[in-house]
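2 protein chains.
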Amino acid sequence: MSKCEQCIVRQFNSLKALSKEELIRISGCKTTRTVKKGEIIFEEGENINGVFCIKDGICKLSKLSANGKDQIVKLVVKGDLLGQRSLVGEESANLSAVALNDMEVCFIPKHEIMNDLQQNSKFSFDVLQQMAKDLKESDDIIVNMAQKSVKQRLAETLIYVYNHFGNNDEGFLDVILSREDYANIVGTATESAIRILSQLKKEGLISTSGKQIKIEDLKGLEHIE
Amino acid sequence: MSKCEQCIVRQFNSLKALSKEELIRISGCKTTRTVKKGEIIFEEGENINGVFCIKDGICKLSKLSANGKDQIVKLVVKGDLLGQRSLVGEESANLSAVALNDMEVCFIPKHEIMNDLQQNSKFSFDVLQQMAKDLKESDDIIVNMAQKSVKQRLAETLIYVYNHFGNNDEGFLDVILSREDYANIVGTATESAIRILSQLKKEGLISTSGKQIKIEDLKGLEHIE
DNA sequence: AACAATATATGATATTTGTCATGTTTTAAC
DNA sequence: GTTAAAACATGACAAATATCATATATTGTT
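Residue numbers (our numbering), protein chains in the order written: chain A, 1 to 225; chain B, 226 to 450.
Okay, here's the thing in structure tokens:
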């Protein structure tokens, strides 16, 4: 089994604040799991009892609303931690996590990491900083949801995906989301998302090939009214 | 000047995790300020360089969106802390804070509290827990914004105000918000908020007297489709 | 008390977004 | 490769919400 102390992914999240001894202890009790595209890592309401460290792949965090639609709240990437909020709040998961492509995920049980969180102030401050960042992002999303049009929100989502995950060799966005996923990020009907993507295509701001999307005019997307 | 060690408000926020010595030190450097209804405590983009502790009163946290409208993200009450997120993230304020009634607010400068945050693990864990709670609330608001109607959101806002701030002697909500404030919480046009309040009145779910609002049928409000 | 400023109320209308229906394309399974 | 299922696309229409106009009520100020 691979070791946390040597895992490069750790550099990108709060685990970097742990000492070598702490890492070795955690490495000894962690489990690693591969998750196929579409599979559930955990579900809303579930007692996750630990923290996930994303070694590879991308997943979505979403919540089922009363009307039966999933709302995607955040995309989580290779290097990110998952489940800290529930751990700290000592609650069951508020959101579900579903893989968007094939993933490799490590799981660190609660009892192993909770001590570090309460006693290693460098580590807990790092977790605190990450959570502060998440909170800012969520607050900004609230403002966007409330004040921007579906078209603007969809354009911003495309830009977000471009900025965070980049393009593949042929210039298409490297993360492939279904139209339904885009709708569930933006908070609109799937048909509306499809319609607006068609519109953006007609306007020359993007082009598509199957599910793949290419950004043709970033400035144009940024300036949608 | 009154002393933090003796301040009852402290019991309601993370400052309760500080030792008597730390509190005395902080008490010595804090400043207290009264803020009149409508006055600004700090503005988005401002460098606040410290934390506010709300001794009395209520304020709104809001952000100006591109279309010129304020979006209210959170109501903050007596006992709450303000500015922790910016402090932890070492950033300027992401939101503006404006008093909704007359307030008394203490200010603790950054350099005094930052040490405690990094070294008193009980304190920083308490701040972390509060932030985890805020993050959960914000994520839930995103879902509501995206998936619920304006009428549902407005009804939920009324219920929220009722649950958190209660009624006055005559049964009216104890916190008085303008119709514009309600619109800015819900993320809609002021006219729409007014219209829906009129509708709720006709349906017998609430009654009003000037700016005052009385909840007549809580269950009814909860079950709006 | 009179006045101006601000907030509330409501109608008419335009715009945005959602829903339902239906057809086409792509993907996955055998 | 064929076929069934899922995803994508688009039209027609309905519903929700925003905008503009205007009237009334409330509040604070002199």
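Idealized CB from N, CA, C, for every residue including glycine.
Exercise for the section: Name the residue from A:S121, A:E22, A:Q212 whose alpha carbon lies nearest to the alpha carbon of A:D169. Expected result: What you label residue 169 of chain A is simply residue 169 of the first sequence in a count that begins at 1. With distances taken between Cα atoms, A:D169 lies closest to A:Q212.
Problem - A:Q147 versus B:V386, B:L243, B:I297, residue with shortest Cα-Cα distance - result: Reading the first sequence from its first residue, position 147 is the one you call residue 147 of chain A. Looking at the Cα atoms, B:I297 is the closest of the given residues.
Handout entry: Strand pairing of A:Q212, partner residues [DSSP]
Key = Here residue 212 of chain A refers to the residue found at position 212 of the first sequence. DSSP, once it has assigned bridges, lists A:S209 as partnering A:Q212.
Practice task
Output the distance between the C-alpha atoms of A:L100 and B:A380, rounded to the nearest integer angstrom.
Solution key: Locating residue 100 of chain A in the first sequence gives position 100, counting from the first residue. Locating residue 380 of chain B in the second sequence gives position 155, counting from the first residue. Approximately 35 Å between the Cα atoms of the pair.
Handout entry: Same chain, Cβ closer than 6 Å to A:H164, neighbours up to 5 away in sequence not counted
Key = Position 164 of the first sequence, counted from the first residue, corresponds to residue 164 of chain A. Correct list: empty, nothing qualifies.
Handout entry: 8 Å Cβ cutoff met for A:S27 and A:K63
Key = What you label residue 27 of chain A is simply residue 27 of the first sequence in a count that begins at 1. What you label residue 63 of chain A is simply residue 63 of the first sequence in a count that begins at 1. Not a contact, by the Cβ cut-off of 8 Å.
Problem - Contact under 8 Å by Cβ, A:V98 with A:K60 - result: Taking the first sequence and counting its residues from 1, one reaches residue 98 of chain A at position 98. Taking the first sequence and counting its residues from 1, one reaches residue 60 of chain A at position 60. Contact flag set, yes.
Exercise for the section: Could you spell out the range, first to last residue, of the beta strand (DSSP E) harbouring B:A324? Expected result: Numbered from its first residue, the second sequence carries residue 324 of chain B at position 99. Here the beta strand (DSSP E) through B:A324 covers 321 to 324.
Exercise for the section: Determine, using beta carbons only, whether B:V368 comes closer than 8 Å to chain A. Expected result: Locating residue 368 of chain B in the second sequence gives position 143, where the first residue counts as 1. Yes, B:V368 lies at the interface with chain A (some Cβ there is under 8 Å from its Cβ).
Practice task
Taking the CB atoms as reference points, tell me whether A:F52 and A:G83 lie closer together than 8 Å.
Solution key: Reading the first sequence from its first residue, position 52 is the one you call residue 52 of chain A. Reading the first sequence from its first residue, position 83 is the one you call residue 83 of chain A. Yes, the pair counts as a contact, with Cβ atoms nearer than the cut-off.
Practice task
Could you tell me whether the Cβ of A:A146 comes closer than 8 Å to any Cβ of chain B?
Solution key: Here residue 146 of chain A corresponds to residue number 146 of the first sequence, with the count starting at 1. Cβ-Cβ to chain B under 8 Å: yes for A:A146.
Practice task
Taking only beta-carbon positions, decide if A:G242 is within less than 8 Å of chain B.
Solution key: Coverage of chain A is limited to positions 1 through 225, which leaves residue 242 of chain A absent and any answer about it impossible.
Handout entry: Among B:L443, B:I421, B:E450, B:F348, nearest to B:S239 - alpha-carbon criterion
Key = Counting from 1 along the second sequence, the entry for residue 239 of chain B is found at position 14. Ranking the options by Cα distance to B:S239, first place goes to B:F348.
Practice task
Out of B:D281, B:L312, B:A357, state which residue places its alpha-carbon closest to the alpha-carbon of B:C331.
Solution key: The residue given as residue 331 of chain B occupies position 106 in the second sequence. The option with the nearest alpha carbon to B:C331 is B:D281.
Handout entry: Host alpha helix (DSSP H) of A:T188 (start-end)
Key = Position 188 of the first sequence, counted from the start, is the residue given in the question as residue 188 of chain A. First-last for A:T188: undefined, no H or E at that position.
Problem - Reduced DSSP category for B:N393 - H, G, I as helix; E, B as strand; rest coil - result: The residue you call residue 393 of chain B lines up with position 168 of the second sequence. Coil, per DSSP.
Problem - Contact set for B:E329: own chain, Cβ-Cβ below 6 Å, skip 5 residues either direction - result: What you label residue 329 of chain B is simply residue 104 of the second sequence in a count that begins at 1. T259, K280, D281.
Problem - Helix, strand or coil at A:D102 [DSSP, three-state] - result: Sequence index remark: in the first sequence, residue 102 of chain A carries index 102 (1-based). Coil.
Practice task
Determine the DSSP secondary structure at B:C284, reduced to helix, strand or coil.
Solution key: For the purposes of this step, residue 284 of chain B is identified with residue 59 of the second sequence, where counting begins at 1. DSSP places B:C284 in strand when its eight states are reduced to three.
Exercise for the section: Buried or exposed for B:A414, please, with buried defined as at least 16 other CB atoms from any protein chain shown within 10 angstroms of its CB. Expected result: If you number the second sequence from 1, residue 414 of chain B lands on position 189. When all chains shown are included, B:A414 counts as exposed.
Handout entry: Sufficient close CB pairs (3 or more, under 8 Å) joining the region 345 to 365 of chain B to the region 130 to 144 of chain A
Key = yes
Handout entry: chain B contact residues for A:G187, given Cβ-Cβ distances below 9 Å
Key = If you number the first sequence from 1, residue 187 of chain A lands on position 187. Those are I367, V368, M370, A371, Q372, listed as they occur along chain B.
Practice task
Establish whether the CB of A:K63 and some CB of chain B are separated by less than 8 Å.
Solution key: Locating residue 63 of chain A in the first sequence gives position 63, where the first residue counts as 1. Yes - at least one Cβ of chain B is within 8 Å of the one on A:K63.
Problem - N- and C-terminal bounds of the alpha helix (DSSP H) containing A:Q119 - result: Here the question's residue 119 of chain A lines up with position 119 in the first sequence. Taken as a continuous stretch (DSSP letters only), the alpha helix (DSSP H) holding A:Q119 covers 110 to 119.
Exercise for the section: State yes or no: is the beta carbon of A:D217 nearer than 8 Å to at least one beta carbon in chain B? Expected result: As a first step, residue 217 of chain A is located in the first sequence; it is residue number 217 there, counting from the start. Answer no: the Cβ-Cβ gap between A:D217 and chain B never drops below 8 Å.
Exercise for the section: Note down, in chain order, each residue of its chain lying with its Cβ closer than 6 Å to the Cβ of A:V161, except the 5 sequence neighbours on either side. Expected result: Taking the first sequence and counting its residues from 1, the one referred to as residue 161 of chain A is at position 161. Closer than 6 Å at the Cβ level, and outside the excluded window around A:V161, lie L173, V175.
Practice task
Please list the partners that B:R310 has in chain A, where partner means a Cβ-to-Cβ separation under 8 Å.
Solution key: Position 85 of the second sequence, counted from the start, is the residue given in the question as residue 310 of chain B. Near B:R310 (Cβ distances below 8 Å), the residues of chain A are A132, L135, K136.
Handout entry: Residues within the region 70 to 82 of chain A neighbouring chain B, beta-carbon criterion of under 7 Å
Key = Q71, V73
Exercise for the section: Pull up the CB-CB distance for A:C7 and A:P109, whole angstroms please, since I reckon it's below 8 Å. Expected result: In the first sequence, residue 7 of chain A corresponds to position 7, counting from 1. In the first sequence, residue 109 of chain A corresponds to position 109, counting from 1. Their Cβ separation, rounded to whole angstroms, is 17 Å, which puts A:C7 and A:P109 out of contact at 8 Å.
Practice task
Determine the contact status of A:D102 and A:K37, defining contact as a CB-CB distance below 8 Å.
Solution key: Residue numbering aside, residue 102 of chain A sits at position 102 when the first sequence is read from its first letter. Residue numbering aside, residue 37 of chain A sits at position 37 when the first sequence is read from its first letter. Going by C-beta atoms, A:D102 is nearer than 8 Å to A:K37.
Problem - Alpha-carbon spacing of B:V234 relative to A:F12, whole angstroms - result: Mapped onto the second sequence, residue 234 of chain B falls at position 9. Mapped onto the first sequence, residue 12 of chain A falls at position 12. Distance between the alpha carbons of B:V234 and A:F12 is about 38 Å.
Handout entry: Against chain B: residues of the region 110 to 132 of chain A by CB proximity under 9 Å
Key = L117, Q118, Q119, N120, S121, K122, S124, F125, V127, L128, Q129, M131, A132
Problem - Under the three-state DSSP convention, the category B:N299 falls into - result: Walking along the second sequence from the start, residue 299 of chain B turns up at place 74. A small correction: the amino acid at residue 299 of chain B is Lys; Asn does not occupy that position in the sequence shown. In the structure shown, B:K299 sits in a strand (DSSP, three-state: E or B).
Practice task
Specify the secondary structure class of B:V276 as computed by DSSP and reduced to three states.
Solution key: Locating residue 276 of chain B in the second sequence gives position 51, counting from the first residue. Residue state, collapsed to three classes: strand.
Exercise for the section: Since I believe B:E269 is in contact with B:A318 (beta carbons under 8 Å), could you give me their beta-carbon distance rounded to a whole number of angstroms? Expected result: Locating residue 318 of chain B in the second sequence gives position 93, counting from the first residue. Locating residue 269 of chain B in the second sequence gives position 44, counting from the first residue. Going by Cβ atoms, the distance from B:A318 to B:E269 rounds to 6 Å, so yes, they are a contact pair.
Handout entry: Three-state secondary structure assigned by DSSP to B:V260
Key = As a working mapping, residue 260 of chain B is identified with position 35 in the second sequence. Note: B:V260 maps to strand in three-state DSSP.
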